[in-house]
Amino acid sequence: MRQSVLRRAALATLLLLIMPAAQAAEVVAAVAANFAAAMARIEPDFEQASGHQLSVVLGSSGKFLQQIRQGAPFDVLLSADAERPALLEQSGLDVPGSRFTYAIGRLVLWSPQPDAFTDGKAYLKAGAFRHLVIANPVVAPYGAAAQRTLEQLGLWASLQDRIVRAEDIGQGYAMAGSGAAEAAFVPYSAVLAGRKPGSQWLVPHHLY
113 MRQSVLRRAA LATLLLLIMP AAQAAEVVAA VAANFAAAMA RIEPDFEQAS
163 GHQLSVVLGS SGKFLQQIRQ GAPFDVLLSA DAERPALLEQ SGLDVPGSRF
213 TYAIGRLVLW SPQPDAFTDG KAYLKAGAFR HLVIANPVVA PYGAAAQRTL
263 EQLGLWASLQ DRIVRAEDIG QGYAMAGSGA AEAAFVPYSA VLAGRKPGSQ
313 WLVPHHLY
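Note that this note's numbering numbers the sequence shown so that position 88 is 200, with each residue one more than the last.
(1) Buried or exposed, going by whether 16 or more other CB atoms sit within 10 Å of the CB of Ala152?
(2) Whole angstroms is fine: what's the gap from Ser311's alpha carbon to Ser290's?
(3) In chain order, which continuous runs of the beta strand (DSSP E) of length 3 or greater are located wholly inside the region 236 to 290?
(4) Tell me, please, whether the region 283 to 298 touches the region 204 to 212 by the rule of three or more beta-carbon pairs shorter than 8 Å.
(5) For Glu138, does the count of other Cβ atoms within 10 angstroms reach 16, so buried, or fall short, so exposed?
(6) Determine the direct distance from the alpha carbon of Phe147 to that of Ala53, and round the result to whole angstroms.
(7) Span of the alpha helix (DSSP H) holding Glu138?
(8) Sort out for me which residues DSSP pairs Leu189 with in a bridge.
(9) Can you tell me the Cα-Cα spacing of Arg120 and Ala278, whole angstroms?
(10) Taking buried to mean at least 16 other C-beta atoms within 10 Å of its own C-beta, is Thr230 buried or exposed?
(11) In its own chain, which residues sit with a C-beta less than 8 Å from the C-beta of Ile180, not counting the 5 before and 5 after it?
(12) Between the alpha carbons of Arg274 and His243, how many angstroms are there, rounded?
(13) Smallest Cα separation from Gln264: which of Gly284, Lys237 and Arg196?
Now the structure itself:
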């Protein structure tokens, strides 16, 4: 049986790339965009407790993988999946024993319009929208989960002319929130943090 994308996309994983020095210094963290809101709350507490200044770089997990392999000076990676940190670990680009899962996420179909839909599956199949945003499936785990969902529903091919690929999940959420697209597949945590309930359909686990 094909491994569910959920097992890879939902298991957000932290990996140390270099052990921070004991004295106060800057720690550069590569953080998956879906964790931006939580990181903003964690940052001041981390700096106070550790004495380190935290510099956060937001982006997609896949791009961070490429950048770290090319020598990007990140001290820690907070990935949106477990797969990419494991690849870095296998390559010896980590502090041994530092990898662990820090969160488990959920994929949601979201529209800022509260009356857009109640049944997300029916909404997608009806196709009464011009644009549907997903994060780039090649580099963003939540984008891969969205693609898998549409494939399972038999809609991936037929919706190609309406699918807009965002650079990362943060951009995808912003595009839908601004009205550039009617709906987007985003992490449920982004909807909770944004405090704009709109219309939501929590995608069943078996679809991705």
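Built from N, CA and C at the ideal position, the CB exists for glycine as well.
So, from the data block:
(1) exposed
(2) 15 Å
(3) 244 to 247 and 275 to 278
(4) Flag = no, the region 283 to 298 and the region 204 to 212 do not touch.
(5) exposed
(6) No statement about residue 53 is possible, as the shown extent of the chain runs from 113 to 320 and does not include it.
(7) Not the alpha helix (DSSP H): Glu138 falls in the beta strand (DSSP E), residues Glu138 to Ala144.
(8) Beta-bridge partners assigned by DSSP to Leu189: Leu127 and Ala142.
(9) Low per-residue confidence applies at Arg120: pLDDT is 43, beneath 50, and the placement is therefore not dependable enough to give any value.
(10) exposed
(11) Cβ within range, chain order: Leu129, Ala142, Phe186, Leu189, Leu200 and Leu205.
(12) 5 Å
(13) Lys237
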